[in-house]
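Below is one structure; the comments refer to it alone.
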Amino acid sequence: MDTIFHKLKKNDIKYQEYVMRGNGLFDEYKEFVTRESMLAGKVRKNTGKPRSYTDFIIRLLYAYDLYYDCSIDDFGSMGCFFKLDTFIKTPEMYVFNRKIGNFYSASLSAFYRFLLEYLEADYVDDRKLSINFLDEIDPDTYSDERPKKVFLNNRFIYPRNPRIAQAAKEQANWKCDMDANHITFTSQFDDNPYMEAHHLIPMAVQDFYENSLDFVGNIICLCPTCHRKIHYAIDSDKKEMLQVLFKKRKQAYEDKGISITLQDLYKHYGM
Numbered sequence: 008m009d010t011i012f013h014k015l016k017k018n019d020i021k022y023q024e025y026v027m028r029g030n031g032l033f034d035e036y037k038e039f040v041t042r043e044s045m046l047a048g049k050v051r052k053n054t055g056k057p058r059s060y061t062d063f064i065i066r067l068l069y070a071y072d073l074y075y076d077c078s079i080d081d082f083g084s085m086g087c088f089f090k091l092d093t094f095i096k097t098p099e100m101y102v103f104n105r106k107i108g109n110f111y112s113a114s115l116s117a118f119y120r121f122l123l124e125y126l127e128a129d130y131v132d133d134r135k136l137s138i139n140f141l142d143e144i145d146p147d148t149y150s151d152e153r154p155k156k157v158f159l160n161n162r163f164i165y166p167r168n169p170r171i172a173q174a175a176k177e178q179a180n181w182k183c184d185m186d187a188n189h190i191t192f193t194s195q196f197d198d199n200p201y202m203e204a205h206h207l208i209p210m211a212v213q214d215f216y217e218n219s220l221d222f223v224g225n226i227i228c229l230c231p232t233c234h235r236k237i238h239y240a241i242d243s244d245k246k247e248m249l250q251v252l253f254k255k256r257k258q259a260y261e262d263k264g265i266s267i268t269l270q271d272l273y274k275h276y277g278m
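According to this note's numbering, numbering within the sequence shown proceeds without interruption in unit steps and concludes at 278.
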């Protein structure tokens, strides 16, 4: 492993090829690591952590290609993370990672948390849920099978069907699933209380599941405050919300043949 990793230097053409293939992904990853470090209060002036973590991920990709004699196509995917995670657990890589202080596994863990944010396009503009727009969506396009990715906002993501999000809100009677007493305002698009749809199992982790995650049972109806809370609150508050919501949706997952535990859900939120 020492030989493989020492082959790739920052100024090498091969290193720059990986950067180019990332199409801006690694710049966003560096920004994420910087922001995460700032929130943790661990940023020093001129810290090299974001650059180091990025170098470690690129070197992992390079080593994976050499080790398996194949290349990962889409760096910005959970499929990429899964492959690198499998690679890092091989006996050779495990020993090497331990030898250098687990820096590669730490970088990969941060990369997973980054992908959760990078792939999560959960906020849907309610103008897209207007009656006219909904009428343009083919109601027969739904399938229990994992959907094909689409290219949107410079990345490949799994599509969300706005009809399904609308149906989830209707099923909740336009009330917040965390607290039905949460009052919002009347939406100008459909004259209902303004609520937002949120995939409890994030679409960002669709790669880990064979069945589609875009179904009514996986979509919760939240007021704007609760929606932002489940994304941006401290971990203890997030866990409290996830416990309540998972209990409500557990049977729906079993009915769809989706195997998931509360601990799995915590991990899907980076905890």
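All residues carry an ideal CB built from backbone N, CA and C; glycine is no exception.
Would you kindly work out how many angstroms separate the C-alpha atoms of residue i and residue j, rounded to a whole number?
{"i": "Gly108", "j": "Met100", "result": "12 Å"}
{"i": "Lys246", "j": "Ala240", "result": "10 Å"}
{"i": "Val157", "j": "Leu115", "result": "25 Å"}
{"i": "Glu43", "j": "Pro200", "result": "34 Å"}
{"i": "Ile64", "j": "Ile164", "result": "21 Å"}
{"i": "Cys233", "j": "Asp242", "result": "14 Å"}
{"i": "Ile171", "j": "Phe215", "result": "21 Å"}
{"i": "Lys56", "j": "Phe33", "result": "13 Å"}
{"i": "Asp262", "j": "Glu24", "result": "45 Å"}
{"i": "Tyr69", "j": "Lys255", "result": "43 Å"}
{"i": "Ala175", "j": "Met248", "result": "18 Å"}
{"i": "Asn188", "j": "Lys182", "result": "8 Å"}
{"i": "Phe110", "j": "Asn104", "result": "7 Å"}
{"i": "Lys257", "j": "Pro231", "result": "24 Å"}
{"i": "Pro146", "j": "Lys37", "result": "Residue placement at Pro146 cannot be trusted, given a pLDDT of 49 that sits under 50; the coordinates are not used to answer."}
{"i": "Val102", "j": "Lys96", "result": "9 Å"}
Would you decide whether residue i is buried or exposed? Buried here means 16 or more other CB atoms lie within 10 Å of its CB.
{"i": "Leu159", "result": "exposed"}
{"i": "Arg235", "result": "exposed"}
{"i": "Tyr75", "result": "exposed"}
{"i": "Ser150", "result": "exposed"}
{"i": "Leu229", "result": "buried"}
{"i": "Ala280", "result": "Since the first residue shown for the chain is 8 and the last is 278, residue 280 is missing from the structure and cannot be characterised."}
{"i": "Ile7", "result": "Not covered by the structure: residue 7. The range shown for the chain is 8 to 278."}
{"i": "Leu269", "result": "exposed"}
{"i": "Met85", "result": "buried"}
{"i": "Pro98", "result": "exposed"}
Within a Cβ cutoff of 6 Å, which residues of the same chain sit near residue i, ignoring the five residues on either side of it in sequence?
{"i": "Tyr119", "result": "Phe88"}
{"i": "Gly277", "result": "Arg120 and Leu123"}
{"i": "Tyr130", "result": "Summary for Tyr130: the model assigns pLDDT 48, below 50, so the residue's position carries little reliability, and this model does not support an answer."}
{"i": "Ile267", "result": "Tyr260"}
{"i": "Glu143", "result": "Confidence is the limiting factor: at Glu143 the pLDDT is only 48, short of 50, which leaves the residue's position unreliable, though a coordinate-based value still follows. Answer for Glu143: no residue qualifies."}
Using beta-carbon positions only, say whether residue i and residue j come within less than 8 Å of one another.
{"i": "Asn30", "j": "Asn180", "result": "no"}
{"i": "Asp184", "j": "Ile237", "result": "no"}
{"i": "Ala117", "j": "Val40", "result": "yes"}
{"i": "Asp221", "j": "Arg167", "result": "yes"}
{"i": "Glu127", "j": "Ala204", "result": "no"}
{"i": "Val223", "j": "Gln195", "result": "no"}
With a CB to CB cut of under 7 Å and the five nearest residues on each side skipped, what residues in its chain are close to residue i?
{"i": "Gly264", "result": "Asn218"}
{"i": "Tyr71", "result": "Ile79, Lys90, Leu91 and Phe94"}
{"i": "Tyr273", "result": "Lys246 and Leu249"}
{"i": "Thr191", "result": "Pro200, Tyr201, Met202, Cys230 and Pro231"}
{"i": "Gln213", "result": "Arg153, Tyr165 and Leu220"}
Grab me the residues of residue i's own chain with a C-beta within less than 8 Å of its C-beta, minus the 5 sequence neighbours each way, in chain order.
{"i": "Glu152", "result": "Glu217, Asn218 and Ser219"}
{"i": "Thr193", "result": "Asn199, Pro200 and Tyr201"}
Return yes when the C-beta of residue i is under 7 Å from any heavy atom of the ligand ADP, and no when it is not.
{"i": "Val251", "result": "Absence of the ligand ADP is noted for the structure shown, with no ligands found whatsoever."}
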